[in-house]
Amino acid sequence: MCHSVQSVMTRDPLRYFRIEAKELVDQISAGVLDLDQQPEADVVARLLRFAHTLKGAARVVRQQEIADRAHEFEEVLVPHRDESTPALPADQMRELLRLNDEISGFVTALSAPAPPVAEPAPAEPEEPIRTVPLNAPTTQAEVDQAHVDAELARGADAASDRPERAATADLDDLLDAIGEASSRIAPLRDGGRTLNRLHRNVETLGERMRVGRTTVSDASARTSVRRLAGELGALGRRLTDAVDQVERELDEVRGRAEGLRLVPAGSIFTALRRAVRDAAEAEGKPVRFQASGADVRMGPHLLNLISGAYLHVVRNAVVHGIEPEKQRIAAGKPVEGTVAVHVERRGRYAEFRCADDGRGFDLAALRRTAEERGLLAPGLDPGPQGLIDLVLHGGISTAPGVTEVAGRGIGMDVVRDVALQLGGEVSIANRPGQGATVRLIVPLTLLSMNGLIVEAAGTTTTMPLDAVRRCVRLGPDEVATATATARLAHEREVLPFLPLAQALRVPAGEEPRSGVAVVLTADRDTVAIGVDRLAGISTLVARPLPDLAPAAPVIGSVSIDLDGNPRLVLDAHGLVAEARQESTTARGDAAAAARPRMPILVVDDSLTTRMLERSILESAGYEVDLAASGEEGLERARSRRYGLYLTDIDMPGIDGFTFVARTRADPQLAHVPAILVSSRASAEDRRRGAEAGASAYVVKGEFNQEELLTHIRRLIL
Amino acid sequence: MTARSGSVSRRVDQLRDDFDRSFAEPARSHDEEHLELLTVRAGGRPYAIKLSQSSGVHPDRPVTPLPGPLPALLGLAGFAGAVVPVYDLAALLDHPVAEVPRWLVLAAGTPPLGLAFHELDGHVRAAVSDIIRETGQDGEDGGRGRGGTLRGLVDLPGGSRPIIDIPAARALVHALAGHAQATDEENAP
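Those protein sequence lines, which keep their order, are chains A and B.
In the numbering used here, each residue carries its 1-based index in the first sequence increased by 460.
In the numbering used here, each residue carries its 1-based index in the second sequence increased by 164.
See the structure below:
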């Protein structure tokens, strides 16, 4: 053991330094940008600590260049150590960034080629790889070249050191899971021993029979055989259990190991932030960088490509989007511009958004350029979005000379190429005078997710857990009603209800059974999906459906279960869309008698109101029953199934609040939504209505036919 | 466990003999004068499949149904961590039956593709001279499937069988699934 460690150390003395230095450089890079944006004393202290650690470590492994620069870095910062709000002049800030880049270049160079045996690592790389321009760029071409360099650097970076950067916590989890799996082997080993013993017993028994000392009619032989059978049975069960457990643990191991291949989106934020900072400095514009969604994980290759493209996008936002200070002030905007990058997982896609609060795209200039380039027939008006789309379709950037429009076009060309390469889509939302948002959506090949395992009509599938709001147990009657009406009353709202069996095109059992409604939210819409039962939660790695397997939109991806068989992973967006559509169809078809629309019960002591409401509802195609008091309303409610109650508040006898509360308390009626219609408009009354369980509250004074019908359409079963 | 059905054990013996013989014979005859064929039944009809066009035959592989636009797509099966779409041969040949196929043959080439059939009759070696109407000409009638999936007939004891051309079946699936056919051609002996 000692020997091998020793030999590793002699062969590659920098092995551990590379890991440490890489981490320190990452921290220093982020720290410098922190300091630039929000000068705080503890940032200086932190940077000094990192630089000092790096200096020490570099000296140990004789990386003098790195040690020297870390030292210079310290020298710049030391005078500011005791300032409560460190105030670094711009040239010192630039010096820090320069040193940061140099250190970063040296460290990257250490990792790039594996040093050959018996040859010292090259002390000085032939050409230090620059991750960002060392000096403020003066031309578009220079900046673009710097970005190409940065992309290259990042590519090398990712190829060489990704495994070393796997988060320690993830590795710990993986090791735990492996340990757990190993510990499950012990029962198998015990089982092996037991099996050997039983084997010997059987052989002894066989031997005795062979020599005729024992015959099958022998009572003791029968006892032995019975005992053996019993022990074998028990052993079989134990082994089955043990194997099951090992399998589960190994599955966990595999899930975690696959997860390690993925890196968090946040790992590209520092580079983006730096690009924004450099561009802002070059342009002399104060710009703030914001980022969110750092935890979304995806494949390193994908992230690299996107990072390269987004460097252009954020830079474009600063250079072409954010206005000069004077213009911003004149436009009533904050002096400091904002460029925000947001990463989000949407089903099996990742969405990258870059939004700025600048001037937006110059449509007039775009049109001129497009006409000059012959991309647009003069006089033709493609509309604002049409002009923007021209940017995405290329050609704009081929304009001679580096103009404002062409500059933006080049950046968009890169994004478009990346989108094409990754099978994704790019779009631009332009808000003239307010800013622009560039959105890139790419499919994720491997995706680590938490899933809710559900069963429906004998089929097991997985729902993405992050879309699940809650699960509601349903009795057989409730399942039947929800299925028949394609609606489910839930928390004073009626949700579209879609039995999963129907979405999966598998025949559901004919017997109405109890089940579970899984309430899902996606695309700002909420629906309920009916399943037979929940079968647990698991971490899984979802992969895209294979080629040659076109599937319904409710299917998002596929994972591999414990037995090596594919298990479908549902797509929340697809389910929501289908449930919404089925539900609408069910309502639309109502007149066609496939699903008769349920009648509405109107409860009001005023004849005028009753008649008015009836005429509104009937002309909207509903069947209406009337009750002149709360008591009569309750009686009718119990004698017929209604889709909705529409009730007045002030009535002789029981009032509307009581009517609603009583129907809520009756398990047979509780699922029917109720709307209160009253001339009372106070907040207190609305609150009481909500407390009683009313789904909506309509004020008679502001009585609006459309509003009422909107409520009803939203609610009615 | 003893011969419940004599025909099965006979067939096993025959398969075993065929298998053993294939080693005993000089290799040249494989390529030159003989074709290795799987004799199968899909949707109740007899067919033959060239072994060289497949990369494996599997019984009773669990197939996860996949709801979607193609009735011929039975679902997905797992093979060593890969997810393979499985199509019903009988449905591809335009005579689907309700019965779920038991066997599946993996088509050679990429992307992965499984073709399911109902029964495996056996594995035979047929002389090239027994193949008639090889690479079926257009205008032929009897039993040609959609997209020219059937190419030729083979005369075997017990009758002649249409030969399912796996690359053609793959091309049909690619067309159904709206997937561009890979440019590299299958190895088609």
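C-beta atoms are modelled at their ideal positions from N, C-alpha and C, and glycine is treated no differently.
On a predicted model such as this, the values are computed, not experimentally measured, just so you know.
Looking at C-alpha atoms only, which residue of the options is the closest neighbour of residue i?
i: L495 of chain A; options: A:A481, A:S1019, A:L1061 and A:N560; result: A:N560
i: T313 of chain B; options: B:S293, B:V172, B:G239 and B:L279; result: B:L279
i: G744 of chain A; options: A:L771, A:R1173, A:G726 and A:H780; result: A:H780
i: E480 of chain A; options: A:E525, A:L548, A:T568 and A:P546; result: A:T568
i: A702 of chain A; options: A:T513, A:G651, A:N776 and A:A754; result: A:G651
i: I997 of chain A; options: A:R899, A:E1095 and A:N910; result: A:N910
i: L1094 of chain A; options: A:G1116, A:L823 and A:I1076; result: A:G1116
i: L882 of chain A; options: A:A1097, A:Y1157 and A:I766; result: A:I766
i: G797 of chain A; options: A:E811, A:A810, A:G818 and A:R805; result: A:G818
i: P967 of chain A; options: A:D992, A:N890, A:A1143 and A:A982; result: A:D992
i: A754 of chain A; options: A:F812, A:G792 and A:R714; result: A:F812
i: A291 of chain B; options: B:L320, B:P265, B:W267 and B:F281; result: B:L320
i: M1058 of chain A; options: A:V1036, A:V1084, A:D877 and A:E555; result: A:V1084
i: K793 of chain A; options: A:A800, A:D1064 and A:E785; result: A:E785
i: I989 of chain A; options: A:A735, A:C931 and A:L1022; result: A:C931
i: E534 of chain A; options: A:E718, A:V504 and A:I1114; result: A:V504
Less than 8 Å between CB atoms is the rule here; does residue i satisfy it with respect to chain B?
i: A1009 of chain A; result: yes
i: R509 of chain A; result: no
i: I913 of chain A; result: no
i: R929 of chain A; result: no
i: V503 of chain A; result: no
i: A1012 of chain A; result: yes
i: V966 of chain A; result: yes
i: R1028 of chain A; result: What sits at residue 1028 of chain A in the sequence shown is Leu, not Arg. Yes - at least one Cβ of chain B is within 8 Å of the one on L1028 of chain A.
i: R757 of chain A; result: no
i: P1006 of chain A; result: yes
i: N1025 of chain A; result: yes
Compute the Euclidean distance between the alpha carbons of residue i and residue j, then round it to the nearest angstrom.
i: P231 of chain B; j: L1028 of chain A; result: 10 Å
i: K482 of chain A; j: Y476 of chain A; result: 10 Å
i: V756 of chain A; j: R1140 of chain A; result: 49 Å
i: V1062 of chain A; j: R1070 of chain A; result: 7 Å
i: A731 of chain A; j: G768 of chain A; result: 9 Å
i: A517 of chain A; j: V803 of chain A; result: 35 Å
i: D181 of chain B; j: D294 of chain B; result: 21 Å
i: R205 of chain B; j: D285 of chain B; result: 7 Å
i: R622 of chain A; j: I728 of chain A; result: Any reading at R622 of chain A must be qualified, since the residue scores a pLDDT of 36, below 50, and its modelled position is unreliable; the value itself is stated next. Cα to Cα, R622 of chain A sits roughly 13 Å from I728 of chain A.
i: E938 of chain A; j: G1153 of chain A; result: 18 Å
i: E953 of chain A; j: G918 of chain A; result: 30 Å
i: Y153 of chain B; j: A333 of chain B; result: Outside the shown range of chain B (165 to 353) lies residue 153 of chain B, about which nothing can therefore be said.
i: E1166 of chain A; j: T945 of chain A; result: 23 Å
i: A679 of chain A; j: L695 of chain A; result: 24 Å
i: A646 of chain A; j: G884 of chain A; result: 48 Å
i: D486 of chain A; j: L964 of chain A; result: 47 Å
i: A1087 of chain A; j: V1158 of chain A; result: 19 Å
i: E1151 of chain A; j: L1168 of chain A; result: 20 Å
i: Q217 of chain B; j: L202 of chain B; result: 11 Å
i: H761 of chain A; j: A725 of chain A; result: 12 Å
Throw me the rounded Cβ distance for the residue i and residue j pair, which I believe falls under 8 Å.
i: R478 of chain A; j: S571 of chain A; result: 5 Å
i: E1038 of chain A; j: P1013 of chain A; result: 7 Å
i: V886 of chain A; j: A879 of chain A; result: 4 Å
i: A916 of chain A; j: L980 of chain A; result: Incorrect: roughly 14 Å between the Cβ atoms, too far for contact.
i: L1129 of chain A; j: A1097 of chain A; result: 6 Å
i: L850 of chain A; j: L835 of chain A; result: 6 Å
i: C814 of chain A; j: A777 of chain A; result: 6 Å
Would residue i count as contacting chain E if we go by Cβ distances under 8 Å?
i: H338 of chain B; result: The displayed structure is made up of protein chains A and B, and chain E is not among them.
Verify the contact flag: residue i, CB atom, against every heavy atom of the ligand MN, threshold strictly below 7 Å.
i: E263 of chain B; result: Within the structure as shown, the ligand MN is missing, as the structure has no ligands at all.
So with Cβ pairs under 8 Å, would you call residue i a contact of chain A?
i: L215 of chain B; result: no
i: G342 of chain B; result: yes
i: I328 of chain B; result: no
i: P229 of chain B; result: yes
i: P223 of chain B; result: no
List in chain order: all unbroken alpha helix (DSSP H) runs of 4+ residues lying wholly within the segment 497 to 541 of chain A.
-> 501 to 520 and 524 to 537
Jot down the residue ranges of each uninterrupted beta strand (DSSP E) in the segment 767 to 844 of chain A, minimum 3 residues, whole runs only, in chain order.
-> 797 to 806 and 809 to 816
At what residue ranges does the segment 713 to 743 of chain A contain a whole run of the alpha helix (DSSP H), taking only runs of 4 or more?
-> 729 to 743
Kindly provide the ranges of any alpha helix (DSSP H) runs that are 4 or more residues long and lie completely inside the segment 1050 to 1117 of chain A, ordered along the chain.
-> 1067 to 1079 and 1090 to 1099
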